[in-house]
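Student:
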Amino acid sequence: MKILQKALTFEDVLLIPAYSEVLPKEVNLQTKLTKNITLNIPLVSAAMDTVTEYHTAITMARLGGIGIIHKNMDIQSQVDQIKKVKKSESGVIVDPIYILADATLAEAKAITDNYKISGVPVVDHYGKLIGILTNRDVRFETDLQKKVGDVMTKTPLITADVGTTLEQARDIMHKNRIEKLPIVDKNEILKGLITIKDIQKRIEYPNSNKDDFGRLRVGAAVGVFGLERAQALVEAGVDVLVLDSAHGHSANVIRTLKDIKAKLSVDVIVGNVVTPQATRDLIEAGADAVKVGIGPGSICTTRIVAGVGMPQISAIDLCAQAAKSYDIPIIADGGIKYSGDIAKALAVGASSVMIGSLLAGTEESPGDLMIYQGRQYKSYRGMGSIGAMTRGSADRYFQEGTAQEKLVPEGIEGRVPYRGKISDVVHQLTGGLSSCMGYLGSRSITELWEKAEFVEITSAGLRESHVHDVIITQEAPNYHG
1 MKILQKALTF EDVLLIPAYS EVLPKEVNLQ TKLTKNITLN IPLVSAAMDT
51 VTEYHTAITM ARLGGIGIIH KNMDIQSQVD QIKKVKKSES GVIVDPIYIL
101 ADATLAEAKA ITDNYKISGV PVVDHYGKLI GILTNRDVRF ETDLQKKVGD
151 VMTKTPLITA DVGTTLEQAR DIMHKNRIEK LPIVDKNEIL KGLITIKDIQ
201 KRIEYPNSNK DDFGRLRVGA AVGVFGLERA QALVEAGVDV LVLDSAHGHS
251 ANVIRTLKDI KAKLSVDVIV GNVVTPQATR DLIEAGADAV KVGIGPGSIC
301 TTRIVAGVGM PQISAIDLCA QAAKSYDIPI IADGGIKYSG DIAKALAVGA
351 SSVMIGSLLA GTEESPGDLM IYQGRQYKSY RGMGSIGAMT RGSADRYFQE
401 GTAQEKLVPE GIEGRVPYRG KISDVVHQLT GGLSSCMGYL GSRSITELWE
451 KAEFVEITSA GLRESHVHDV IITQEAPNYH G
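Taking full-length UniProt numbering, I'd label the letters of the sequence shown as residues 1 to 481.
1) Ends of the alpha helix (DSSP H) at VAL234?
2) Residue ranges of each alpha helix (DSSP H) run of no fewer than 4 residues wholly in the region 8 to 86, ordered along the chain?
3) Does the Cβ of GLY163 have 16 or more other Cβ atoms within 10 Å, making it buried, or fewer, making it exposed?
4) Could you work out which residue in GLY367, VAL253 and ILE196 is closest to VAL416 when comparing CA atoms only?
5) Going by DSSP, what residues sit across from ILE371 in a beta bridge?
6) Please report the residue range of the beta strand (DSSP E) in which PRO182 lies.
7) Roughly how many whole angstroms lie between the Cα atoms of LYS180 and ASN72?
8) Could you tell me which of GLN399, GLY374 and LYS378 sits nearest to ILE386, measuring between CA atoms?
9) Give every residue of the same chain whose Cβ lies closer than 8 Å to the Cβ of THR9, excluding the five residues on either side of it in the sequence, and list them in chain order.
10) From which residue to which residue does the beta strand (DSSP E) around LEU105 run?
11) Report the option in GLU447, ILE294 and SER339 whose CA atom is closest to the CA atom of GLY349.
12) In its own chain, which residues sit with a C-beta less than 6 Å from the C-beta of THR159, not counting the 5 before and 5 after it?
13) Just checking, does the region 319 to 338 make contact with the region 271 to 286 on the three C-beta pairs under 8 Å criterion?
14) When you compare each of ILE203, GLY382, GLY431 and GLY149 to PRO477 by their alpha carbons, which one comes out closest?
15) Just confirm the distance between the C-beta atoms of VAL290 and VAL270, as a whole number of angstroms; I'd bet it's less than 8 Å.
16) Can you say whether ARG62 is buried or exposed, counting buried as having 16 or more other CB atoms within 10 angstroms of its CB?
17) Give me the Cβ distance between GLY219 and VAL242, rounded to the nearest whole Å; I'm assuming they're in contact under 8 Å.
18) With 16 other CB atoms within 10 Å as the buried threshold, where does GLY382 fall?
19) For my contact list, LYS451 and GLY441 are in at a C-beta cut-off of 8 Å; report their separation, rounded to the angstrom.
20) Leaving out five residues before and five after ASN135 in sequence, what residues of the same chain have Cβ atoms less than 6 Å from its Cβ?
21) For CYS300, which residues does DSSP report across the bridge?
22) Would you give the residue range spanned by the beta strand (DSSP E) that GLY192 belongs to?
23) Do the region 235 to 253 and the region 71 to 89 touch if we need at least three Cβ pairs shorter than 8 Å?
24) Give me, in chain order, the residues of the same chain whose beta-carbon lies closer than 6 Å to that of ASN207; leave out the 5 immediate sequence neighbours on both sides.
25) Does the distance from the CB of ILE66 to the CB of VAL92 come in under 8 Å?
26) CB-CB under 8 Å to residue 510, same chain, minus the five flanking residues each way: which ones, in chain order?
27) So ASN272 is in the beta strand (DSSP E); what residue range does that whole segment cover?
28) Rounded C-beta distance between SER434 and VAL27? I'm assuming under 8 Å.
29) Ordered along the chain, which non-local residues of its own chain (more than five positions away) have a Cβ less than 8 Å from that of LEU129?
30) Rounding to the nearest angstrom, what Cα-Cα distance links ARG375 and LYS421 in this structure?
31) By DSSP's criteria, LYS381 is part of a beta bridge. Which residues make up the other side?
32) Since VAL253 contacts VAL222 with CB under 8 Å, what's their CB separation in whole angstroms?
33) Assuming ILE132 and THR153 make a contact with CB atoms under 8 Å, what is their CB distance in whole Å?
34) Is ILE16 near GLU464, with beta carbons less than 8 Å apart?
35) Who are the Cβ neighbours of ILE178 in its own chain at under 7 Å, not counting the five residues just before and after it?
36) Taking its Cβ as the centre, do 16 or more other Cβ atoms sit within 10 Å of ILE203, making it buried, or is it exposed?
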């Protein structure tokens, strides 16, 4: 029997505190998601169909992280999800939604309902701004077959020139008591739009993760042979693709990665892997970040069904060491139960962590809300569960085209406690991480890598670490026994 080494997971180790002049409120949680993309907090919501759709992705980006839209939907639906995130707020909307004057109010309502917007610029067939349709214009209209041009607010409108800054726009909007400011060129052609809502959100969410156009960042999952899907997502404005497979160190994954990198200008995260050689092979094939973890997730049964995997702390350590010379980030995916696990994953070499179960129970997640024995829960399932595979994730486990009764699942379906808003959960997670960095005297995640020292603990040490010899009478928001 060939045993390579002893392997450890989160509960096997503790970080050793060190001399510190750093307070938790002074730390900087900024990190790299990929070679070219930065996060303001090191948290990524998982590409799972009970975790991340556009509501989750919008909230994660506003808080400084990023969400990865799952692929258990047709291409157009996933594209629509990306567009909803990208349209949710902007500095300057460079490609604003618009409508023609001869469209009906019914068509206008469909647009505003779909994109959750309160008004839309009106242009002629040459793109020239001729009006704007707002809630105020249609509030008392009952005939939805009326033409937009009959009820819109017509030109002259208050507009701004191309190149207007957000500060200048805010002054113009304040002076004229308007909520939307169209941007036009010298020929009055519509070139952009600034809304008061976007300016307010910039103040409300100062840590938000945005692209060069002031739009929220978002990622999307694709599978092997997913070039058509990848092309559509890139055209929709996706910031990063996640080439998602249960076994990232495989010929088809590497072939698909090379294909995407050769044909599309987009960062690609690839996974999942647990070995140094897999990490090197994916990086040399073009990966902009490598996702680490086989079997650590709470709903994953790969290690039991297939007998394959590696405890997560050791997997992160091995892969991070392999990626270090390439300066490519590692994303720790799975097994996170507490904020302390995030701290350990980052300290051992990850640049960010992907979380599923901790976000599955939130208000914004797409899972179903249910009541069980008087308590609220939300549904949560692994992408290797029967239900998820029949919806589209079978290729992740190399079982695409397999009849439902022949599928071999590597995940289960269950429920997790309802946790409220994502913002509250993320506050506790980042707060715990900041506390760790204070204990270790680390102002940044790169300092954490340099200063972190671990001890391996026994089962008695683990029992001592948890609450013991007491009955909990008031649950804490960041601890469950």
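Cβ coordinates follow ideal geometry from the N, Cα and C atoms, glycine included.
Tutor: Per the coordinate set shown:
1) Judged by DSSP secondary structure, VAL234 falls within the alpha helix (DSSP H) whose first and last residues are 227 to 236.
2) Counting only runs of 4 or more, we get 54 to 62.
3) With fewer than 16 Cβ atoms within 10 Å of its Cβ, GLY163 is classed as exposed.
4) It is GLY367.
5) Its beta-bridge partners are GLN376.
6) First-last of the beta strand (DSSP E) with PRO182: 180 to 184.
7) Cα to Cα, the separation comes out at about 36 Å.
8) Of GLN399, GLY374 and LYS378, the smallest CA-CA separation from ILE386 is found for GLN399.
9) These residues qualify, in order along the chain: PRO296, PRO311, GLN312, ILE313, SER314 and GLY335.
10) No beta strand (DSSP E) holds LEU105; the alpha helix (DSSP H) holding it covers 105 to 115.
11) The residue with the shortest Cα to Cα distance from GLY349 is GLU447.
12) Contacts found: PRO182 and VAL184.
13) Judged by Cβ distances under 8 Å, the region 319 to 338 makes contact with the region 271 to 286, as three or more pairs qualify.
14) Out of ILE203, GLY382, GLY431 and GLY149, the CA that lies nearest to the CA of PRO477 is found in GLY431.
15) The C-beta distance from VAL290 to VAL270 rounds to 6 Å, short enough to meet the 8 Å contact threshold.
16) The Cβ neighbour count for ARG62, taken over all protein chains shown within 10 Å, is at least 16; the residue is labelled buried.
17) The C-beta distance from GLY219 to VAL242 rounds to 6 Å, short enough to meet the 8 Å contact threshold.
18) With a 10 Å radius around the Cβ and a threshold of 16 neighbouring Cβ atoms, GLY382 comes out buried.
19) Indeed, because the Cβ distance is near 6 Å, the residues count as touching under 8 Å.
20) Contacts found: SER118.
21) Answer is GLY411, bridged to CYS300.
22) For GLY192, the enclosing beta strand (DSSP E) starts and ends at 190 to 195.
23) A contact exists between the region 235 to 253 and the region 71 to 89.
24) Counting only Cβ-Cβ distances below 6 Å, and skipping sequence neighbours, we find ASN40 and GLY64.
25) No, these two residues do not count as a Cβ contact at 8 Å.
26) Shown here, the chain extends from 1 to 481; a query on residue 510 therefore has no answer.
27) Residues 267 to 273.
28) So it is a contact: roughly 5 Å between Cβ atoms.
29) Taken in chain order, the residues that qualify are PRO121, VAL122, VAL123, THR155, LEU157, THR159, PRO182, VAL184, GLU188, ILE189 and LEU190.
30) Taking C-alpha positions only, ARG375 is separated from LYS421 by approximately 16 Å.
31) The sequence shown places Arg at residue 381, rather than the Lys named in the question. In DSSP, ARG381 forms a bridge with GLU413.
32) Their Cβ separation, rounded to whole angstroms, is 11 Å, which puts VAL253 and VAL222 out of contact at 8 Å.
33) At roughly 5 Å, the Cβ-Cβ gap stays under 8 Å, so ILE132 and THR153 are in contact.
34) Their beta carbons are not under 8 Å apart, which means ILE16 does not touch GLU464 by this criterion.
35) So the list reads ILE158, once near-sequence residues are dropped.
36) Classification of ILE203: exposed, given that the 10 Å Cβ count is below 16.
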